[in-house]
Amino acid sequence: TRTTMLRELESDYVLFARARGITERRVRRVALRNAAIPITTSAGLVLTYLVGGTILVETIFALPGLGTLLQSSVLYKDIAVVQALTLLIALVIAVITLAVDLGYLLLDPRVRAKELGR
């Protein structure tokens, strides 16, 4: 977000990079990479909330979908369908979490160095 980027541009390493004469474009690129780390975390959380919210919205507005199927399966005590849908939702959330973790690998040089054993 804008606030995160402004906070990064006020950091000591940015001041030091500007003092060394590094171009403003390169400084902003490095700052944007560091600012993207908390944004990635927030995006992952928002996407997982979106999965749960979709189920709620489908149930409230009687829209056809997984939420409605889950609700009717709970009402009719269809355990197999409830288990399958719960597993599917957990899998979607796990994939979102994995994507966020892989995003950290791309964005954060500390994590990348740790993974490569440096």
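Each residue of the sequence shown is one higher than the last, beginning at 62 in this note's numbering. Here a beta-carbon is modelled for each residue, glycine too, at the ideal position from N, C-alpha and C.
Q. Can Val-75 and Val-112 be called in contact, C-beta distance under 9 Å?
A. As a working mapping, residue 75 is identified with position 14 in the sequence shown. As a working mapping, residue 112 is identified with position 51 in the sequence shown. Not in contact: Val-75 and Val-112 (Cβ atoms no closer than 9 Å).
7 Å CB neighbourhood of Leu-159 in its chain, flanking five on each side removed | Taking the first residue of the sequence shown as position 1, residue 159 is located at position 98. Cβ neighbours of Leu-159 beyond the five flanking positions: none.
For Val-88, collect the residues of the same chain with a Cβ closer than 7 Å to its Cβ; drop the 5 residues on either side in sequence, then sort them by chain order.
-> Locating residue 88 in the sequence shown gives position 27, counting from the first residue. Excluding residues within five positions, the ones whose Cβ falls inside 7 Å are Val-75, Ala-78 and Arg-79.
Closer than 8 Å is the cut-off here; do at least three beta carbon pairs connect the stretch 83-100 with the stretch 62-72? yes
By a C-beta neighbour count over all protein chains shown, 10 Å radius and 16 as the cutoff for buried, is Leu-124 buried or exposed?
-> By one-based count along the sequence shown, residue 124 stands at place 63. By the neighbour-count definition (other C-beta atoms within 10 Å, threshold 16), Leu-124 is an exposed residue.
**Q.** Reduced DSSP category for Glu-71 - H, G, I as helix; E, B as strand; rest coil
**A.** What you label residue 71 is simply residue 10 of the sequence shown in a count that begins at 1. Glu-71: coil per DSSP, three-state reduction.
**Message:** Just verifying my parser: in three-state terms, what is the DSSP assignment at Thr-129?
**Reply:** Reading the sequence shown from its first residue, position 68 is the one you call residue 129. Helix at Thr-129.
Quiz item: Mind checking Gly-105: buried by the 16 CB within 10 Å criterion, or exposed?
Solution: As a position in the sequence shown, residue 105 is number 44, starting the count at 1. Gly-105 is buried by the Cβ-count criterion.
Quick check on the burial criterion: 16 or more other C-beta atoms within 10 angstroms. Buried or exposed for Gly-126? To locate residue 126, count along the sequence shown from 1; it is residue 65. So Gly-126 counts as exposed.
task: Using 10 angstroms around the beta-carbon of Leu-136, count the other beta-carbons present and answer buried if the total reaches 16, otherwise exposed.
output: For this step, residue 136 is matched to residue 75 along the sequence shown. The residue in question, Leu-136, is exposed, as its Cβ has fewer than 16 Cβ neighbours within 10 Å.
Q) Where does the unbroken alpha helix (DSSP H) through Leu-124 begin, and where does it stop? A) Translated into the one-based positions of the sequence shown, residue 124 becomes position 63. No residue range can be given for Leu-124, since it is assigned to no alpha helix (DSSP H) and is classified by DSSP as neither H nor E.
One question on the structure: do Thr-62 and Ile-100 come within less than 9 Å of each other, judged by their Cβ atoms? One-based indexing of the sequence shown puts residue 62 at position 1. One-based indexing of the sequence shown puts residue 100 at position 39. A contact, by the Cβ cut-off of 9 Å.
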